[in-house]
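**Q** Mapping of the sequence shown onto UniProt numbering: position 94 corresponds to residue 94, and the numbering continues sequentially without gaps.
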Amino acid sequence: WSSGWACSCGSVSRSNPSRRIHPRPDCESLMKITFIGVGNIASALIGGLISRGADPGNITAIDPSAEARAKCSATFGAVARESVDAGLSESDVIVLAVKPQQMQATCGSISSLLQGQLVISVAAGVRLQQLSNWMGGHTRVVRAMPNTPAVIGLGATGLFASPEVGGDDREDASTILGAVSVVSWFDAEDDLDSVTAISGSGPAYVFYFIEAIQAAAEEFGFSSAQARTLTLATFKGAVQLALESTDPVSLLRERVTSKGGTTAAALAAFAHDDVASSVKRGVLAAKARSKQLGDELTST
Numbered sequence: 001w002s003s004g005w006a007c008s009c010g011s012v013s014r015s016n017p018s019r020r021i022h023p024r025p026d027c028e029s030l031m032k033i034t035f036i037g038v039g040n041i042a043s044a045l046i047g048g049l050i051s052r053g054a055d056p057g058n059i060t061a062i063d064p065s066a067e068a069r070a071k072c073s074a075t076f077g078a079v080a081r082e083s084v085d086a087g088l089s090e091s092d093v094i095v096l097a098v099k100p101q102q103m104q105a106t107c108g109s110i111s112s113l114l115q116g117q118l119v120i121s122v123a124a125g126v127r128l129q130q131l132s133n134w135m136g137g138h139t140r141v142v143r144a145m146p147n148t149p150a151v152i153g154l155g156a157t158g159l160f161a162s163p164e165v166g167g168d169d170r171e172d173a174s175t176i177l178g179a180v181s182v183v184s185w186f187d188a189e190d191d192l193d194s195v196t197a198i199s200g201s202g203p204a205y206v207f208y209f210i211e212a213i214q215a216a217a218e219e220f221g222f223s224s225a226q227a228r229t230l231t232l233a234t235f236k237g238a239v240q241l242a243l244e245s246t247d248p249v250s251l252l253r254e255r256v257t258s259k260g261g262t263t264a265a266a267l268a269a270f271a272h273d274d275v276a277s278s279v280k281r282g283v284l285a286a287k288a289r290s291k292q293l294g295d296e297l298t299s300t
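1) Compute the beta-carbon to beta-carbon distance between residue 258 and residue 264, rounded to the nearest angstrom, for a pair I have assumed lies under 8 Å.
2) Assuming contact is defined by CB atoms lying nearer than 8 Å, are residue 80 and residue 72 in contact in what I supplied?
3) Can you tell me whether residue 253 is buried or exposed? The criterion is at least 16 other CB atoms within 10 Å of its CB, across all chains shown.
4) Would you grab the beta carbon distance between residue 58 and residue 33 for me? Rounded to a whole angstrom, and I think it's under 8 Å.
5) Thinking just about the alpha-carbon of each residue, which of 98, 286, 200, 63 is nearest to the one in residue 78?
6) For the alpha helix (DSSP H) that contains residue 75, what are its first and last residues?
7) By the DSSP assignment, the beta strand (DSSP E) with residue 181 in it spans what residues?
8) Excluding the 5 residues preceding and the 5 following residue 103 in the sequence, name in chain order all residues of the same chain whose CB lies nearer than 6 Å to its CB.
9) Starting from residue 255, follow the beta strand (DSSP E) in both directions and report where the run begins and ends.
10) Apply the 10 Å Cβ neighbour rule to residue 152 and answer buried if 16 or more other Cβ atoms are within range, or exposed otherwise.
11) Within the same chain, show all residues whose beta-carbon is closer than 7 Å to that of residue 147, passing over the 5 residues directly before and after it, in chain order.
12) In whole angstroms, what is the alpha-carbon distance linking residue 190 and residue 287?
13) With DSSP as the reference, label residue 42 as helix, strand or coil.
14) Leaving out the 5 sequence neighbours to the left and right, which residues in its chain are closer than 6 Å to residue 29 when beta-carbon positions are compared?
15) Roughly how many angstroms separate the alpha carbons of residue 216 and residue 235, rounded to a whole number?
16) Who are residue 145's beta bridge partners in DSSP?
17) So, does the CB of residue 147 fall closer than 8 Å to a CB anywhere in chain D?
18) Report all residues from its chain with a CB closer than 7 Å to the CB of residue 295; omit the five preceding and five following residues, and keep chain order.
19) Check whether the region 46-55 and the region 105-112 touch, using three or more Cβ-Cβ pairs below 8 Å as the test.
20) Residues in the same chain with beta-carbon distance under 7 Å from residue 39, minus the five sequence neighbours each way, listed in chain order, please.
21) Ends of the alpha helix (DSSP H) at residue 277?
22) May I have the straight-line CA-CA distance separating residue 6 from residue 173, to the nearest angstrom?
23) Does residue 93 come out as helix, strand or coil in the three-state DSSP assignment?
24) Assign residue 241 to buried or exposed, taking buried as 16 or more other Cβ atoms, counted over all protein chains shown, within 10 Å of its Cβ.
25) Starting from residue 118 and walking both ways along the beta strand (DSSP E), at which residues does that stretch end?
26) Let me check understanding here. Comparing Cα to Cα, which of 143, 177, 197 lies closest to residue 187?
27) Cβ of residue 241 versus every heavy atom of the ligand NAP: is any distance shorter than 7 Å?
28) Considering residue 213, what are the terminal residues of the alpha helix (DSSP H) in which it resides?
29) Where does residue 160 land, buried or exposed, given buried means 16+ other C-beta within 10 angstroms?
30) Could you give the distance in angstroms between the alpha-carbon of residue 365 and the alpha-carbon of residue 279?
Here it is, written out as structure tokens:
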């Protein structure tokens, strides 16, 4: 697989993190990845990796749900197992994709099997130090904060790593998460609370505004189908225009807003109700709640 993997992608020795236990024979070889938990995000990552040329036989999915395992095997052809076993030690990368409340037990179940592999956690709020403690002091860990559009390959992910994670491992983490999203690295772990508030929760904010505009359209007498079609096409077109333009979104907004026109009337109503400040307060509330949840998990 030649699209993005670093050449030095084997697992590493716990006693000597710079020494690879499973040296990679060449750059075309695919690392072995184990996903623990096969929910929406893990399934999206597996699908994204395979669509980029990964060998399903080198991907293992572990989940206690027989239904989840069957679906994963049928959809992707990945190896599916009910629980962690000694085979985990052969993995090059382990992706922890369980709920935050399940993370302590999951980390405990793999701690004795770790051989210095790169571990990536996609669980919200569980901090690196806590993960390391639960895994018996394992430090080669990356935290990832993806969002739900990853399920269609259009996600946004924030990443943070412990100092023990080197450039090759960062590149590997970027490649794995980059299979379904854009990725951004952050220098401080606290920044992931902000990432959670912006991109993690962000899709819900967008859906909230879509709902509001659809509701207004239906009050005008549009059918539900008409309201949905016009609203979604408007959001999609506006986002695509912003992506393709080099101009700031404020200028794009101004171009739609004629003095004394309909758009100006709508924006004046928004300003009167201080919608922008309400949005900011909502984002700040999400950030504060993310930090609070992290504190609660850390104290357990």
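Where a beta carbon is used, it is the ideal one built from N, C-alpha and C, also for glycine. Source: prediction; values computed, not measured.
**A** This is what the structure gives:
1) Between the beta-carbon of residue 258 and that of residue 264 there is about 7 Å, and that keeps the pair under the 8 Å contact cut.
2) Taking 8 Å as the Cβ cut-off, residue 80 and residue 72 qualify as a contacting pair.
3) By the Cβ neighbour-count rule, residue 253 is exposed, with fewer than 16 other Cβ atoms within 10 Å of its own.
4) That belief holds up - the Cβ atoms of residue 58 and residue 33 are roughly 7 Å apart, short of 8 Å.
5) Each of 98, 286, 200, 63 was checked against the Cα of residue 78, and the nearest Cα belongs to 63.
6) Going by DSSP, residue 75 is part of the alpha helix (DSSP H) stretching over 66-76.
7) Here the beta strand (DSSP E) through residue 181 covers 181-185.
8) Cβ within range, chain order: 123, 126.
9) Per DSSP, residue 255 is not a residue of any beta strand (DSSP E); the alpha helix (DSSP H) it occupies stretches across 249-256.
10) Looking at its Cβ environment, which holds fewer than 16 other Cβ atoms inside 10 Å, residue 152 is exposed.
11) Counting only Cβ-Cβ distances below 7 Å, and skipping sequence neighbours, we find 155, 156, 199, 200, 202, 203.
12) The C-alpha of residue 190 lies about 10 Å from the C-alpha of residue 287.
13) In the structure shown, residue 42 falls within a helical segment according to DSSP collapsed to helix, strand and coil.
14) Bear in mind that a pLDDT of 42 at residue 29, under 50, signals an unreliable position, so the model cannot answer this.
15) Each residue's Cα considered, the two are about 15 Å apart.
16) 158.
17) Reference to chain D is not applicable here, since this structure consists of a single protein chain.
18) Listed in chain order, the non-local C-beta contacts of residue 295 below 7 Å within the same chain number zero, local neighbours out to five positions each way being set aside.
19) Segments in contact, no.
20) Around residue 39: 97.
21) Run containing residue 277: 275-298, per the alpha helix (DSSP H) assignment.
22) With a pLDDT of 39 at residue 6, under the threshold of 50, the modelled position of that residue is not reliable, and the figure given next carries that caveat. Straight-line Cα distance between these residues: approximately 10 Å.
23) The DSSP-derived three-state label of residue 93 is strand.
24) Label assigned to residue 241: exposed.
25) 118-121 is the span of the beta strand (DSSP E), which, as asked, contains residue 118.
26) If you compare the alpha carbons of 143, 177, 197 with that of residue 187, the shortest gap goes to 143.
27) The ligand NAP is not part of this structure, which contains no ligands at all.
28) Counting along the chain, the alpha helix (DSSP H) containing residue 213 begins and ends at 202-219.
29) Classification for residue 160: buried.
30) Nothing about residue 365 can be reported from this structure: the residues present for the chain run from 1 to 300 only.
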